[in-house]
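Some notes on the structure that comes next.
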Ligand SMILES: Cc1cc2nc3c(=O)[nH]c(=O)nc-3n(C[C@H](O)[C@H](O)[C@H](O)COP(=O)(O)OP(=O)(O)OC[C@H]3O[C@@H](n4cnc5c(N)ncnc54)[C@H](O)[C@@H]3O)c2cc1C
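In my numbering, the protein residues as written are 5 to 397.
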């Protein structure tokens, strides 16, 4: 490559390998952009597909079924892959500061690093609960939790904090799997008791009344104690302290509360909302820094606020890819308008699912099979890639 060409090369850095960026990578692989050098920085080399996490916990999927491997995907896209964790941004110098290497320069930066359940704001939680994200850490801790439960004799209380779709799904998947593991040893699971805590007045607050009724019935049948209006204010010595003065002793505490953002983004000087999420216009471009884009959970679309969801992150991937190409070419960006409400398929651990949308809800085994088909097909889109010529693109 000649000197002039090297100078003309534009650096597009994708920070995080989330649901939006895997779509961007696939599309750049299918239609490479000459003059653009793609770099991916990601803490994990395997991107978990969140829709399949409850199925992974329940034992319906192996690790590989529910993860997208970034290495072949980056090879297909002709992207450099840096396995590292970003800890800061130098927005003036246009650099991403990482834990394990020299800062990485960009002409255009796109952020898709997801979110984690907010544990830092509850004293004691960070030391003693098992947060569901980062998912890689959760999977490792889940194996340890299974081992503890299996080797335990006598009553045991397992609490899940957070009763959105993620919390309810995780609790039911955990219960199903532990029951199976104990049954394989010829033991009953009757000594395991489950509590679901939420600070909201009802479970599944963003879903409709029919969906809630179905899950209230299922949770009651599965003998889960549901404690609504119970805001946890402290965790200490295996006990949850609540805002109303109550205390609950638990043997295991899983944390699946509302999404929170990495703090270093706000500290870097990017415009963020009151919860720390990167404020973007309907073009997915940062409100404060035009050379920065964001998508997925970490982005806050100021004109079209939406709940954090993998479905939305996936859809944003297409709009993001289009606008990244346009920004690199100096062309006007196109607005993106997310759907008002999408269909949710919420599983119950036992190969059964509930479909929820607007005012209606349906349930059954066929819905689980449909969800399973959709999810497997999604992951396959990123594992069955066309061959890349030897030596790369
Ligand atoms: C139990 C559970 C079940 C769910 N089920 C569903 C569902 O069925 N359907 C649905 O639509 N949504 C579901 N969700 C919500 C869904 O998980 C999120 O909305 C979705 O994962 C967001 O995707 P994302 O692309 O923003 O980020 P993610 O998919 O979380 O990806 C973030 C990426 O960034 C990387 N990363 C993070 N920090 C850094 C860093 N500092 N430096 C470098 N890399 C970094 C990570 O390694 C990862 O690759 C569920 C959530 C939970 C908790």
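Positions of the beta carbon are idealized from the N, C-alpha and C atoms, including for glycine. Here the structure is a predicted model, which is why all the values come from computation and not from measurement.
So, with DSSP's three-state summary, where would you put residue 9?
Confidence is the limiting factor: at residue 9 the pLDDT is only 46, short of 50, which leaves the residue's position unreliable, though a coordinate-based value still follows. In this structure, residue 9 counts as helix in the three-state DSSP scheme.
Run of the alpha helix (DSSP H) containing residue 171, from where it starts to where it stops
Residues 169-188.
Please confirm whether any heavy atom of ligand 1 lies closer than 8 Å to the CB of residue 338.
No, since every heavy atom of ligand 1 falls outside the 8 Å radius drawn around the Cβ of residue 338.
At which residues does the beta strand (DSSP E) containing residue 162 begin and terminate?
Taken as a continuous stretch (DSSP letters only), the beta strand (DSSP E) holding residue 162 covers 160-165.
Given this structure, state the Cα-to-Cα distance separating residue 130 from residue 51, to the nearest angstrom.
Between residue 130 and residue 51, the C-alpha separation is close to 23 Å.
contact_flag[the stretch 318-332, the stretch 173-185] where n(CB pairs < 8 Å) is 3 or more:
Using a C-beta cut-off of 8 Å, the stretch 318-332 makes no contact with the stretch 173-185, since fewer than three inter-stretch Cβ pairs fall below that distance.
Helix, strand or coil: which one does DSSP assign to residue 103?
Here residue 103 sits in coil by DSSP.
Taking the C-alpha atoms as reference points, what is the distance between residue 362 and residue 213?
Distance between the alpha carbons of residue 362 and residue 213 is about 10 Å.
Near residue 331, what residues of its chain come up, given a Cβ to Cβ distance below 7 Å and the 5 sequence neighbours on each side ignored?
If we look at residue 331 and ignore the five residues flanking it on each side, its Cβ neighbours are 112 and 337.
Bridge partners of residue 195, per DSSP?
Its beta-bridge partners do not exist; DSSP assigns none.
How would you write the range of the beta strand (DSSP E) that residue 357 sits in, first residue to last?
In the DSSP assignment, residue 357 falls within the unbroken beta strand (DSSP E) covering 357-361.
Note down the Cα distance separating residue 256 from residue 368, rounded to an integer number of angstroms.
Going from the Cα of residue 256 to the Cα of residue 368 covers about 30 Å.
How big is the Cα-Cα spacing for residue 315 and residue 97?
Looking at the backbone, the Cα of residue 315 and that of residue 97 are separated by about 34 Å.
Do residue 38 and ligand 1 come close, with the Cβ less than 8 Å from some heavy atom?
Checking every heavy atom of ligand 1 against the Cβ of residue 38, none is found closer than 8 Å.
From which residue to which residue does the beta strand (DSSP E) around residue 297 run?
First-last of the beta strand (DSSP E) with residue 297: 296-298.
When we look at the beta-carbon of residue 61 and count the other beta-carbons within 10 Å, is it buried (16 or more) or exposed?
So residue 61 ends up on the buried side.
Proximity to residue 266 [Cα-Cα], best of 116, 31, 207 and 37
Across the set 116, 31, 207 and 37, the C-alpha of 116 shows the shortest separation from the C-alpha of residue 266.
Taking DSSP as the reference, what is the three-state secondary structure of residue 440?
An answer regarding residue 440 cannot be provided, because it is not within the stretch 5 to 397 covered by the chain.
Where DSSP assigns a beta bridge to residue 43, which residues make up the other side?
In DSSP, residue 43 forms a bridge with 17 and 84.
Could you check which residue in 39, 84 and 286 has the C-alpha nearest to that of residue 19?
With distances taken between Cα atoms, residue 19 lies closest to 84.
Do residue 347 and residue 357 have their beta-carbon atoms positioned less than 9 Å apart in this structure?
Contact flag unset, no.
Check whether residue 121 and residue 276 have beta carbons under 9 Å apart:
No, these two residues do not count as a Cβ contact at 9 Å.
Measuring CA to CA, which of 12, 353 and 384 is closest to residue 183?
Residue 353 is the option with its Cα nearest to residue 183.
Output yes or no for whether 9 Å exceeds the beta carbon distance between residue 269 and residue 292.
No, they are not a contact pair.
Simplified DSSP assignment, three categories, for residue 126:
DSSP places residue 126 in coil when its eight states are reduced to three.
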